[in-house]
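Using our numbering, you'd call the opening residue of the sequence shown number 118 and step up by one each time. Beta carbons are placed, not taken as given, at the ideal position from N, Cα and C, and that holds for glycine. Notes to accompany the following structure.
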Amino acid sequence: MPERIDVEQLLEQMTEQLKGLLEQRGIDNPMLVGIRTGGVWLAERVQQHLELQDPVGVLDISFYRDDFTRIGLNPKVQPSALPFATEERDIVLIDDVLMSGRTVRAALNELFDYGRPASVTLMTLLDLQAQELPIQADIVGKTFKLDPGQQIKLSGPEPLSLQLVQRQAWQSH
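Here you go:
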């Protein structure tokens, strides 16, 4: 990681960008959905900053991953929880790191299984510019590239911090 990143400060900047984008698109009642685990922590912070009343939705995309048969089931798999109807709602999908795009693709597949949203806005803390699928975020906190074998992990929920770790060969994000 090239520099120390203040996650809370970055998240405040991203929330301001999101406010502007939602206003530009005429969205006044967005539903926040976080991808477990880091995306949920971020979505909860964004919810506080935006002072939204609706609860944050949680997606666990373990069963929707396209590499499920190759890497197996995450032992920490938990159920998704969308405490609201997604049909014709404006969703803000939040994740911590955008790398290959496969996590976001899995999240979109699961989200659409709950109903057809009016729109989906993607917000991610970090974009590592390693997309394997044509997926890009609408709101990005920071963009940079890692050296081969490196991975960034968001730790939290209190405090939120980023750590650079060595990636195991089978992991994909």
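{"Check": "Met131 - containing beta strand (DSSP E), residue span", "Outcome": "Segment Val124 to Gln141 is the alpha helix (DSSP H) holding Met131; no beta strand (DSSP E) there."}
{"Check": "Contact belief for Ile256 with Gln134 at Cβ below 8 Å, rounded distance in angstroms", "Outcome": "5 Å"}
{"Check": "Cβ neighbour criterion (16 or more within 10 Å) applied to Val150", "Outcome": "buried"}
{"Check": "Proximity below 8 Å, CB of Leu228 to CB of Leu169", "Outcome": "no"}
{"Check": "Nearest-angstrom Cα separation, counted from Tyr181 out to Gln195", "Outcome": "13 Å"}
{"Check": "Identity of the residues DSSP links to Ile208 by a beta bridge", "Outcome": "Met148 and Val237"}
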